[in-house]
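Participant: Following UniProt numbering, the numbering of the sequence shown begins with 1 at its first residue and continues without gaps.
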Amino acid sequence: KLHRSPGAGVSGTDKPCLPPASTCRCLVSLQVMCTNYLSCFSFCLQCKEFTFHTGYEVLVQRLLDGRKMCKDVEDLLKQRAQAEERYGKELVQIARKAGGQTEINTLKAAFERLKQQIESVGNSHIQLAVMLKDELKGIEEFRERQKEQRKKYESAMERMQKSKLSHYKKTMESKKTYEQKCKEADEAEQSFERTSASGNQKQTEKSQNKAKQCRDAANEAENVYKQNIEQLDKVRTEWEQEHIKTCEVFQLQECDRITILRNSLWVHCNQLSMQCVKDDELYEEVRVSLENCVVESDIDYFIKSKMTGTQPPGNYSDQSRQMSHPLASEILLPSLVHSFCHCLLLALQILWTTARKQQEQC
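1. Which residue from E112, L272, C276, Q61 puts its Cα closest to that of E154?
2. Let me check understanding here. Comparing Cα to Cα, which of Q146, V121, Q253 lies closest to E285?
3. Please report the Cβ distance between V73 and L261, rounded to the nearest whole angstrom; I am assuming they are in contact, meaning their Cβ atoms lie under 8 Å.
4. Tell me the DSSP secondary structure of M307 in three-state form.
5. Please return the same chain residues whose Cβ sits closer than 7 Å to the Cβ of G66, not counting the five positions on each side in sequence.
6. Alpha carbons only, please: which of D300, S174, C44, E184 is nearest the one belonging to K226?
7. When you compare the CB of K169 with every CB in chain D, is at least one pair closer than 8 Å?
8. Give me the residue from A218, C44, E158, I126 with the minimum Cα distance to E90.
9. Taking C182 and A218 to be in contact with their CB atoms under 8 Å, please state how far apart those CB atoms are, rounded to whole angstroms.
10. Quick check on the burial criterion: 16 or more other C-beta atoms within 10 angstroms. Buried or exposed for F50?
11. Assign M307 to buried or exposed, taking buried as 16 or more other Cβ atoms, counted over all protein chains shown, within 10 Å of its Cβ.
12. Beta-carbon separation of M157 and E242 under 8 Å?
13. Any chance the segment 271-289 sits against the segment 109-120, with 3 or more Cβ pairs inside 8 Å?
14. Kindly indicate which residue of M160, I299, Q79 has the alpha-carbon position closest to the one of T246.
15. Give the single residue among F41, M69, R80, T106 whose Cα lies nearest to the Cα of V295.
16. For Q213, is the beta carbon positioned less than 7 Å from some heavy atom of the ligand FMN?
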């Protein structure tokens with residue numbers, strides 16, 4: 001077969017496939033793939049570093065590359081449509097400007113058929129250009145829909161990442177404060193123990209109060225630190241859920257994109273194959289017309305329509321011998337006399353004109 005649906009074997013159908021593939025089909029494919037965790041974006045695009053989002057960044061870049069691929073396919077279809085349109089218009093122009101009016105009979109009919117079919121081929125290529133533009137429009141709309149959906153999830157992920165990093169920074173600062181307060185409390189308690197050993201009551205009470213204040217500050221810093229840890233863990237859980245959901249949506253997008261482009265390219269090849277078949281069918285009509293072109297028939301037609309006669313001219317006679325005949329003098333004499341009289345008249349006119357001028361001068 002010259003064209004078949006994607007996924008069909010050698011005995012595929014004659015009908016070309018029609019994009020786009022449904023999201024439900026891609027969802028089923030995603031569910032099948034995700035039975036194996038190594039085929040899931042949400043499982044394979046993780047990062048151990050708390051503040052890094054390498055997996056998500058790789059996934060977003062994949063989607064951007066896919067968007068670029070969509071544009072590349074659009075450019076291919078656009079340029080092919082332009083080429084088909086130019087080719088079709090040039091064929092129509094060639095057919096309409098072609099001559100052939102001087103030919104006759106069966107060869108003329110075959111040539112007229114060729115011109116008609118060339119024009120038909122040109123019009124079919126112009127129609128193919130329209131079909132390619134429709135296919136191009138469908139891919140453009142699909143790409144824009146994916147962009148809008150991707151932007152929505154990117155915005156949500158950006159908010160979650162900023163929140164996670166902000167809480168992480170706050171937690172690290174509270175940890176640093178807690179460690180500093182614990183260090184100060186330990187130093188104050190050690191100072192209190194040394195002061196107690198010296199026996200100075202006033203210094204002992206002062207050192208004891210300071211140690212108590214430092215310990216209270218350390219306990220308060222510990223509570224703040226624990227609260228920040230709990231809040232950070234809550235934010236991390238929310239981020240992780242959003243990350244998984246975003247990965248699943250983006251994987252669906254990628255499945256959809258690959259399916260759409262695959263089907264679109266398949267349909268494109270089917271359209272070109274069908275165009276070749278259509279061209280051959282049109283040219284076959286010309287070949288049939290040429291089979292009816294018979295040399296003997298055209299020769300007979302010319303003879304019957306342009307015949308001038310069947311009698312050739314007679315034998316050639318020598319005119320010089322006829323001039324030496326005695327009757328030749330009778331034919332030439334009057335003309336000689338006429339010429340002589342004409343010359344004599346001209347001479348008399350010249351003499352008369354000259355004499356008159358001389359008389360006027362005297």
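Just so you know, even glycine gets a beta-carbon here, dropped at the ideal spot from N, CA and C. In this text the structure is predicted, and so the values were computed from the model without any measurement.
Facilitator: Considering the structure as presented:
1. Relative to the Cα of E154, the nearest Cα in the group E112, L272, C276, Q61 belongs to Q61.
2. Shortest Cα-Cα distance from E285 to any of Q146, V121, Q253 involves V121.
3. Indeed they touch by this definition, with Cβ atoms about 6 Å apart.
4. The answer is coil: DSSP assigns M307 none of H, G, I, E or B.
5. Excluding positions up to five away in sequence, the list reads E254, R257.
6. Sorting D300, S174, C44, E184 by C-alpha distance to the C-alpha of K226 places S174 at the top.
7. No chain D is present in this structure, which holds just one protein chain.
8. Comparing Cα positions, the closest option is I126.
9. 5 Å between Cβ atoms; contact.
10. Per the 10 Å Cβ criterion, exposed.
11. In the assembly as shown, M307 is an exposed residue. Its beta-carbon has fewer than 16 other beta-carbons within 10 Å.
12. Cβ distance < 8 Å, so M157 and E242 count as in contact.
13. Taking a contact to require three or more Cβ pairs closer than 8 Å, the segment 271-289 and the segment 109-120 qualify as touching.
14. Comparing Cα positions, the closest option is M160.
15. The residue from F41, M69, R80, T106 with its alpha-carbon nearest to that of V295 is T106.
16. Ligands are entirely absent from the displayed structure, and the ligand FMN is therefore not among its contents.
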